[in-house]
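In this note's numbering, the protein residues as written are 81 to 478. Think of the CB as a built atom: it goes at the ideal place given N, C-alpha and C, for glycine as much as any other residue. As the structure is a computational prediction, the values presented were derived from the model and not from experiment. Reading through the structure tokens given below for one structure.
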Amino acid sequence: MAKILAINAGSSTLKWKLFSVPEETVIASGMVDRLGLPNSVFTIKKADGSKETETKDTIDAKEAAAMVLTRLKNDNIVDQLTDIKGVGHRVVAGGEDFKDSVVITPQTLKKIKDLSEYAPLHNPTQAYYIEVFRDLLPKAVQVAVFDTSLYADMPKVNYLYSIPYDYYEKFGARKYGAHGTSHRYVANRTAQLLGKPLDELKLVTLHLGSGASITAFDHGQAIDTSMGFTPLAGITMSTRSGDIDASIIPFLMRHLGISDVEDFIDILNHKSGLLGISGLSPDMRDLDKTQDTREQSKLAIEIFVNRVVKYVGSYIAEMNGIDALVFTAGMGENSWMIRERIAKSLSYFGITVDVDKNHMHGKEEVISKEGEPVKVMVVPTNEELMIVRDVERLSSAK
């Protein structure tokens, strides 16, 4: 059977899954953590559930890719590396240039690099891995799957900021969103589970993980999303602030003695959100355990729920209704407490959860009460499967 490799590369990690197609079965997965740092860690998990970990002094990006392929071959997970017919790469920023996933050519690779201004921590790394895997697997089709493509055709009324229009025309200053691959998978899977075409549904999908975003689907079209020009905007996240008044930036820079705006952006990205409010942890599990004894832990949870509810309520108003509210990603799939609090605050819309159904983790489930007008669901995300399906689709179209 043919194999397709899904690659999700970050600045310090390389996550991967190998699928057998057309069965869409995961036959191996893993990651390389602490890339370029002391004590780099290589992990591989096989189809039988066995897991192996190897620590090395330092693993650089090119060595990480080679290690993945070497283990696949040496462990007889693939007979030959030529069995891998395609490689799908998650790419964060596609701007307005890429409204769909694409087969990578020299021209598209150059464009991905040119778009690095919109995702400086991600696009350069992802472009580098595209080149590495192209050299290591020269016969495999390489495909780029963009986080932003789902939102390229959002209504202008939702993606434009109220700043001089020239800034959009000249510099591309607009809302681009993120997590599009996750939201796209979850919306389509929700429609399947409900037994209805996606273009007949009004959905709000909540990707609630360390990074968190909310998307509104009106009859199959993603019409709005919470993240903005970068993934910093939107709801409160683990370490990201979400929406703030831009004027607070120069105000706090003066008081903190910060002269470089990038240093303050780093605070908004890495020291804010749940961590900043709680003063304890970016992890909702830690806050849940301490909310009865620490006021700031309780406050951080309340602020998180508050911001989610505000976005969901505005999207329901924008679509003039909702058929299903769908939770996914780390918190969305595993925190019954967060799901219950969000639903309770949205009960006006007929959004409720059944207490017994809601007390579960990480599986597909309708958790709303019987007879309520809005389905509340948990649908675990599967970005890698979405990537593999795009590779299959575009490979067969060549």
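Indicate the three-state DSSP secondary structure (helix, strand or coil) for residue i in the structure shown.
i, result
"Lys179", "coil"
"Glu420", "helix"
"Met364", "helix"
"Leu217", "coil"
"Val435", "helix"
"Gln222", "strand"
"Ala207", "helix"
"Leu426", "coil"
List the endpoints of the continuous alpha helix (DSSP H) containing residue i.
i, result
"Ala397", "375 to 399"
"Val456", "Careful: Val456 lies outside any alpha helix (DSSP H), inside the beta strand (DSSP E) at 455 to 458."
"Gly412", "409 to 414"
"Tyr239", "236 to 239"
"Asn349", "341 to 350"
"Gly356", "353 to 358"
"Ile328", "328 to 336"
Could you tell me the boundaries of the beta strand (DSSP E) in which residue i lies?
i, result
"Phe251", "First-last for Phe251: 245 to 251, but that is the alpha helix (DSSP H), not the beta strand (DSSP E)."
"Asn88", "82 to 89"
"Lys443", "Neither: Lys443 is in no beta strand (DSSP E) and is coded neither H nor E."
"Lys255", "Counting along the chain, Lys255 falls outside any beta strand (DSSP E), and DSSP gives it neither H nor E."
"Glu134", "131 to 136"
Does residue i have its Cβ less than 8 Å from a Cβ in chain D?
i, result
"Thr105", "Considering every chain present, this structure includes no chain D. It has just one protein chain."
Contact check, residue i vs residue j under 8 Å by CB: the rounded distance?
i, j, result
"Asp470", "Val225", "5 Å"
"Ile210", "Ile184", "6 Å"
"Val459", "Arg269", "5 Å"
"Ser22", "Lys125", "The question about residue 22 has no answer here: the residues shown for the chain are numbered 81 through 478."
"Leu355", "Arg374", "Between Arg374 and Leu355 the Cβ distance is about 13 Å, and since that is not below 8 Å, they are no contact."
"Phe122", "Glu134", "5 Å"
"Glu464", "Ala86", "4 Å"
"Lys97", "Val106", "6 Å"
"Ala258", "Ser293", "6 Å"
"Thr494", "Val112", "Because residue 494 is not part of the residues shown, which for the chain are 81 to 478, the question remains open."
"Tyr245", "Ile315", "Contact doesn't hold; Cβ gap of about 27 Å is too wide."
"Ser321", "Pro362", "About 12 Å separates the two Cβ atoms, so there is no contact after all."
"Phe213", "Gln206", "No, Phe213 and Gln206 are not in contact; Cβ-Cβ is about 11 Å, not under 8 Å."
"Ser130", "Leu474", "So it is not a contact: roughly 33 Å between Cβ atoms."
"Leu189", "Ala145", "Actually they are not in contact, since the Cβ atoms of Leu189 and Ala145 sit about 16 Å apart, beyond 8 Å."
"Ala302", "Leu240", "Not confirmed; about 16 Å, so no contact."
For the ligand NAD, is there a heavy atom less than 7 Å away from the beta-carbon of residue i?
i, result
"Lys455", "With respect to the ligand NAD, the structure shown offers nothing to examine, as it has no ligands at all."
- Item | Stretch-stretch touch, CB-based, cutoff 8 Å, three pairs: the region 192 to 200 with the region 151 to 165 | no
- Item | the region 392 to 404 touching the region 263 to 281, judged by at least three CB pairs closer than 8 Å | yes
- Query: Does the count of Cβ pairs from the region 294 to 313 and the region 250 to 259 closer than 8 Å reach three?
  - Reply: Output reads yes: the region 250 to 259 touches the region 294 to 313.
- At what residue ranges does the region 140 to 203 contain a whole run of the beta strand (DSSP E), taking only runs of 3 or more? 164 to 171
- Decide if the region 235 to 254 is in contact with the region 368 to 378; the criterion is three or more beta carbon pairs, one per stretch, under 8 Å apart. No, the region 235 to 254 is not in contact with the region 368 to 378.
- Message: Tell me whether the region 171 to 179 and the region 108 to 118 touch, counting them as touching only if at least three CB pairs, one residue from each stretch, are closer than 8 Å.
- Response: no
- Item | Sequence ranges, beta strand (DSSP E) only - wholly within the region 261 to 326, length at least 3 | 282 to 288, 292 to 298, 301 to 305
- Query: Can you list, in chain order, the stretches of the beta strand (DSSP E) that have 3 or more residues and sit fully within the region 88 to 126?
  - Reply: 93 to 101, 105 to 113, 120 to 126
- Does the region 259 to 266 come close enough to the region 289 to 308 that 3 or more CB-CB pairs lie under 8 Å? yes
- Task: Decide yes or no for the touch test of the region 372 to 389 against the region 327 to 343: beta carbon pairs closer than 8 Å, at least 3 of them.
- Result: no
- Message: Measuring CB atoms only, is the region 384 to 398 touching the region 408 to 422, in the sense that at least three cross pairs come out at less than 8 Å?
- Response: yes
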